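See below for the structure under consideration.
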Amino acid sequence: MPRKSYREHRAERSAALSDDGTDMDSLASFSTFASHTTLASQATGTYPSFSSFGINGAPSPFYSHPGGLAPPTMRHRTYSNVSSVSRRDATLETTDSPSTQSRILSPPPSDVPTPSGLPPSPAPPPSRSVSGEDVVRPRSKEDRERDKRRRRARNEERWRRARAREAAHDAPVRRAAKAASSVLGTSGTLAATFFTCVAVRVSLTIVMLWVDNTSRTRLASEAAALRLACAGRVAPLLRPLVPLCQATFGAPVENPTAWPGKRAAAALIGARLAAECLLWTAAVVWSTVEGWREGRTLRTKVAAIVYLALAPVLAIREAAFLPVRGALGFAAWALVATVSGYDTAAAAFMTAATWFEGSTRVYLPAFIVYAVGKNIWLNGRDRGYLSRLAVSVLATLFVLSSMSPVPLRERGAALVSAIEAAGFAGSVKAVFRCFASLISIRNILSAIALLPTTYLTLKSSYTLRPAANEFASSDAVPATARLLPIALTATAGALTLWPGDPALPLLPLAFASALRRDDDEWAVAVQMHHIAAMSLWPKLSGPLLSLAGGYVMAWYMLIGARTDAPSPALNVHQKVTFVLNLGANVLPLFAHLHPARHFQWAGRYLGYAQTAFMVLSVAGVVVWANMRLVKTAWAVGAL
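Count the sequence shown with full-length UniProt numbering and you get residues 1 to 639, in order.
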């Protein structure tokens, strides 16, 4: 028999398929597989039919090959026109349920003959029969309206909470910042805030000089001291400034309390403001950088700048010409540099702070413990970290000693001679007395108060060490940096507990609470501002006291401070503070009346009560700061 050509073979095959009703498009899609399976499957009838519709819309049964080939998977099947229900085998019951269709499209794998060398087909998941109860009924109009009312109630509750939170943080300075930002923009608003703070401080100084003779006397005394400094021993680096100093302040005079003149007074006020600008610029950088890291709004940043720059304890001290605390600006910059990863610069700033003002030494324990903790956190990755800090300290001391009239070598020689005199010139009793003078109940209690802060900082640094495969360098900021402001508050409060100087523990607490992260922290910081302002009352007299009290009240209203503290203990503290401030401002008014002797004893005992209250307040801040350290360490995962 002559062999048929390929064209004749394909024509017979097409005719057979057309007579059977098989879809030609499906045949084109699976020509190789269909040519082997279509005709043979009619005899076996092993598998259910596979619906595939072509151009003519006629359904065709699709069976498997008896030789063991499995049907194509769903990934390889194509449906050219699925518009009606497919025809099934006569043994299957016709139904429109999805479960039945899934059973039709997915034949049981147990009946599939598996060829040798091929893995069996995976078993399909058991299908659930769908009943009439599972059919989704159309929702009624009442159900839709009820859902709308529920969504509306939830949205109203969210907006109510947001408005309540905004009302709790509302303040005149925030409203002014919102209005200024729409006109000046972000940079213009920040610049306008800074220069407004400078103008307020200058105006307060001028008003205090005008209403009180004591402030003018202090200004004249400082001008006389500067005249003597210009005429005396001057450091080599500062000698070019001697002619300018003499031209500004003049020659030394016999009466040191005489008015130095407008030019000298303006120069002295400018010098004091320049020293205070260190703290103002640190406040601006802290509010801007930390606010950007936390995603805070411009209103919050402006409120933080005003809160720090116009703090009563610094403004009243500078305006009344009390000893300026310019070294606090260096301490503030040390804090800003540390939380930003510039530890070498922070060491230089802290060295300068202790050089210009010895009282800032109370910050050294917290910075030293943080540096040791960060070295533990690095876990040997940067072995020169502490060495670089030591080099920064020595270089800063060298630069400052070159600007001082007394060189560093003379100061060191005096210290060495004092140690030699105590250790060699005397007997053993002298040495014992020298060490015994350092050991007292006050120092022991201060050292005990430092232990919780030291332990928590070092424990957190050890616990939060990065893994061996993680990158860490000395420029990185560990999670323990969040503990540093509160640690500074705790250590400074513990070391200044007995003198009762709230200004030193207030500085890091004010920076930590400037952005109002927590209401409890904010309320404690505002109360500490009030206590620090109270520490200045004994140094003020006459109209200065009333003016200072009015400034504190204006600052309170400007920043939006509230009188309802979140905790009952803090609420009681607010009431006691109000009573003491009211007594300090009202009782001096009765001194000019005839029965003044009836109020002399009250004023004396009021001073004792204020001192005791300040000491107890600082002790309470130390306890609160240690509790806050525990919470923060737990929050960062260190405990």
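Just so you know, even glycine gets a beta-carbon here, dropped at the ideal spot from N, CA and C. Treat the numbers as computed from the prediction; the structure is a model and nothing was measured.
Ignoring anything shorter than 3 residues, give me the beta strand (DSSP E) runs that lie fully in the stretch 267-353, in order along the chain.
none
Gln-101 versus Ala-16: straight-line alpha-carbon distance, rounded
Residue placement at Gln-101 is poorly supported in this model, since its pLDDT is 45, which falls under 50; the coordinates are not used for a value here.
Using the Cβ count rule (16 or more neighbours within 10 Å means buried), how would you classify Ser-182?
exposed
For chain B, find out if any of its Cβ atoms is closer than 9 angstroms to the Cβ of Ala-303; answer yes or no.
Note that chain B does not occur in the displayed structure, where there is just one protein chain.
My guess is that Leu-536 and Ile-316 are in contact by the Cβ rule of under 8 angstroms, so how many angstroms apart are they, rounded?
6 angstroms
Determine the extent of the alpha helix (DSSP H) in which His-169 is found, giving its start and end residues.
No alpha helix (DSSP H) contains His-169, which DSSP labels as neither H nor E.
Applying the criterion that 16 or more other CB atoms from any shown protein chain within 10 Å of the CB defines a buried residue, is Ile-269 buried or exposed?
buried
Just verifying my parser: in three-state terms, what is the DSSP assignment at Leu-397?
helix
Can you tell me whether DSSP reads Ala-16 as helix, strand or coil?
helix
Do you know how far the Cα of Pro-243 is from the Cα of Ala-561?
48 angstroms
At the level of alpha carbons, what is the spacing between Ile-448 and Gly-329?
29 angstroms
Report all residues from its chain with a CB closer than 7 angstroms to the CB of Trp-333; omit the five preceding and five following residues, and keep chain order.
Leu-278, Ala-282, Phe-349
Any idea if Thr-186 is buried or exposed, counting beta-carbon neighbours within 10 angstroms, 16 or more meaning buried?
exposed
Using three-state DSSP, classify Glu-357 as helix, strand or coil.
coil
Leaving aside the five residues before and after Pro-312 along the sequence, list all residues of the same chain whose C-beta is less than 7 angstroms from its C-beta, in chain order.
His-529, Ala-533, Tyr-551, Val-552, Trp-555
Span separating the alpha-carbon of Asp-23 from that of Lys-148:
With a pLDDT of 47 at Asp-23, under the threshold of 50, the modelled position of this residue cannot be trusted; read the value that follows with caution. C-alpha separation (whole angstroms): 51 angstroms.
Should the stretch 494-508 be called in touch with the stretch 466-480, which here means at least 3 C-beta pairs below 8 angstroms?
no
What are the start and end residues of the alpha helix (DSSP H) that includes Val-532?
In the sequence as presented, Val is not what sits at residue 532; that position holds Ala. It spans 519-534 - the alpha helix (DSSP H) in which Ala-532 sits, taken as one unbroken run.
Contacts around residue 640, its chain only, beta-carbon distance under 8 angstroms, and the 5 residues preceding and following it disregarded:
Because the chain in this structure spans residues 1 to 639, residue 640 falls outside the shown range and cannot be described.
My understanding is that Leu-580 touches Ala-320, with C-beta atoms under 8 angstroms, so please give their C-beta distance in whole angstroms.
Not confirmed; about 20 angstroms, so no contact.
How do the stretch 295-311 and the stretch 333-344 stand: do at least 3 beta-carbon pairs fall below 8 angstroms, yes or no?
no
Glu-294 beta carbon less than 9 angstroms from that of Arg-482:
no
How should Ile-486 be labelled, buried or exposed, when 16 other C-beta atoms within 10 angstroms of its C-beta is the threshold for buried?
buried
Hey, Trp-286 and Ala-514: beta-carbon distance below 9 angstroms or not?
yes
C-alpha distance - Ala-467 paired with Thr-297, whole-angstrom precision:
35 angstroms
Can you find the residues in the same chain that come closer than 7 angstroms, C-beta to C-beta, to Arg-351, ignoring five residues on each side of it along the sequence?
Arg is not the amino acid found at residue 351; the sequence shown has Thr there. Hits under 7 angstroms: Val-393, Thr-396, Leu-397.
Quick check on Leu-458: does DSSP put it in helix, strand or coil?
helix
Report buried or exposed for Arg-299, applying the criterion of at least 16 other Cβ atoms within 10 angstroms of its Cβ.
buried
Keeping to the same chain, check which residues put their C-beta closer than 7 angstroms to that of Val-362; ignore five residues upstream and five downstream.
Thr-491, Ala-492, Leu-495, Thr-496, Leu-504
For Glu-157, count the other beta carbons within 10 Å of its own beta carbon; 16 or more makes it buried, fewer makes it exposed. Which is it?
exposed
On the CB-based measure, 16 or more other CB atoms within 10 Å of its CB, does Ala-309 come out buried or exposed?
buried
Phe-471, enclosing alpha helix (DSSP H) - first and last residue:
Run containing Phe-471: none; DSSP gives neither H nor E here.
Consult DSSP for Thr-563 and reduce its assignment to one of helix, strand or coil.
coil
Measure the C-alpha to C-alpha separation of Trp-634 and Lys-459 and round it to an integer number of angstroms.
11 angstroms
Could you tell me whether the Cβ atoms of Asp-343 and Ser-473 are closer together than 9 angstroms?
no
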